[in-house]
Ligand SMILES: Nc1ncnc2c1ncn2[C@@H]1O[C@H](COP(=O)(O)OP(=O)(O)O)[C@@H](O)[C@H]1O
Ligand SMILES: [Mg+2]
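Residue numbers (my numbering): 8 to 380.
Following this line, the structure appears as structure tokens:
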């Protein structure tokens, strides 16, 4: 498969791109006693790709439904291109929408599926056809307009849904787990295609996933949600490398969490007491005397052949598992269970389980976190 089937998008564009900013101000949604979304503040800038990432039930879909206009919020305001749209029905919000169940009409061809909303709006047949074909062209299905959904693969059906959302040249796209039904390889392929399409159209996207790899791969900015609230927002590398709480660190991949107390802060580092692991230096943060957790990603914890005074723990190897490209080592050190991950090519010659060794880390790779869990 190539990654370029929809890269012709820019050349088939028919209208100038709209601005496409989305803003939520103190948006709240309750269902009886359940607070689904709690005073959410969020801005998607024109052309930005923002992902809501959170576990099931964290309020992602409810947020999207309120932006799209399919759910009414309990309080707050939604603005598109700076204008409140709270009283506008979905069709007047100028948004393209693909939800998880992007059901296509099975008895209609791909083209008829894309044309459907245009037909509802009484757009003349010739224009309808031209716009539907142009939208199908954008997603690489220019030659497949006559096929019924059952004559298309899962990925192609997903592209028809995408074409359907683009046919009005919307100001922004709302995509709620649009690839949930696809297998892993196809998902990764579609991630690249959607990203390419978004860039070439210069369109803003509000995207939803519960998959941290997908969020990392696609987003300009990740907004991490939990219990209807935003717990952290930032570029993918920032959220991954500098999570604010132990919950965010654990949700975005594997990490070693070690409880600690801050002893002093100086020269851009904090000196912490790590209990059985001794003293350690970490990225500066926190309040002297307070308790935190230190988060060190498994790929940032390194083996060392000799002891040093701080940033060093004596460890005992419990097991090593070869995962193909990388090896995962489990260790115990100072009463903690730790994980080290290294490239398989670096792992040859490691001692067998039970061996005594040392682990160490760069202060900049160790993040002090607020305890939330
Ligand atoms: N129609 C509804 N009635 C009652 N509760 C709902 C309804 N829709 C969603 N909820 C609740 O709101 C919360 C957020 O749901 P949702 O937005 O679907 O989360 P997510 O998309 O992150 O999985 C959940 O606790 C869910 O049970
Ligand atoms: Mg959902």
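Glycine included, C-beta positions come from ideal geometry on N, C-alpha and C.
These numbers were taken from a predicted model, which means no experiment stands behind them.
Sub-8 Å separation of residue i and residue j beta-carbons
i: residue 251; j: residue 300; result: no
i: residue 289; j: residue 276; result: yes
i: residue 193; j: residue 75; result: no
i: residue 285; j: residue 331; result: no
i: residue 255; j: residue 297; result: no
i: residue 325; j: residue 360; result: yes
i: residue 102; j: residue 70; result: no
Element boundaries [beta strand (DSSP E), containing residue i]
i: residue 201; result: Per DSSP, residue 201 belongs to no beta strand (DSSP E); it is in the alpha helix (DSSP H), 191 to 208.
i: residue 35; result: 29 to 38
Alpha helix (DSSP H) segment containing residue i, residue limits
i: residue 107; result: Run containing residue 107: none; DSSP gives neither H nor E here.
i: residue 172; result: 161 to 173
i: residue 7; result: For residue 7 there is no data in the structure shown, the boundaries of the chain being 8 and 380.
i: residue 140; result: 132 to 145
Distance between residue j and residue i (C-alpha atoms, nearest Å)
i: residue 117; j: residue 156; result: 7 Å
i: residue 227; j: residue 56; result: 5 Å
i: residue 212; j: residue 221; result: 14 Å
i: residue 8; j: residue 112; result: Its pLDDT being 37, under 50, residue 8 is placed unreliably by the model, and nothing is read from it.
i: residue 333; j: residue 41; result: 43 Å
i: residue 177; j: residue 248; result: 34 Å
i: residue 14; j: residue 328; result: With a pLDDT of only 40 at residue 14, under the threshold of 50, the placement of this residue in the model should not be trusted; the figure read from the coordinates follows. Distance between the alpha carbons of residue 14 and residue 328: 40 Å.
i: residue 370; j: residue 362; result: 25 Å
i: residue 152; j: residue 173; result: 15 Å
i: residue 149; j: residue 165; result: 14 Å
i: residue 16; j: residue 146; result: Note that residue 16 scores a pLDDT of 40, beneath 50, so its modelled location is shaky and nothing firm can be said.
i: residue 266; j: residue 219; result: 25 Å
i: residue 279; j: residue 357; result: 29 Å
i: residue 161; j: residue 167; result: 10 Å
i: residue 20; j: residue 54; result: Note that residue 20 scores a pLDDT of 39, beneath 50, so its modelled location is shaky; the value from the coordinates is reported in the next line. Their backbone Cα atoms lie some 15 Å apart in a straight line.
Assigned exposure category for residue i - 16 Cβ within 10 Å defines buried
i: residue 80; result: buried
i: residue 96; result: exposed
i: residue 109; result: buried
i: residue 38; result: exposed
i: residue 378; result: exposed
i: residue 43; result: buried
i: residue 138; result: buried
Those runs of the beta strand (DSSP E) which lie wholly inside the stretch 215 to 292 and span at least 3 residues: 228 to 233, 236 to 241, 263 to 273, 276 to 280, 286 to 290
Minimum length 3: unbroken beta strand (DSSP E) runs contained in the stretch 295 to 380: 298 to 303, 309 to 311, 319 to 329, 333 to 340, 343 to 350, 363 to 367, 373 to 376
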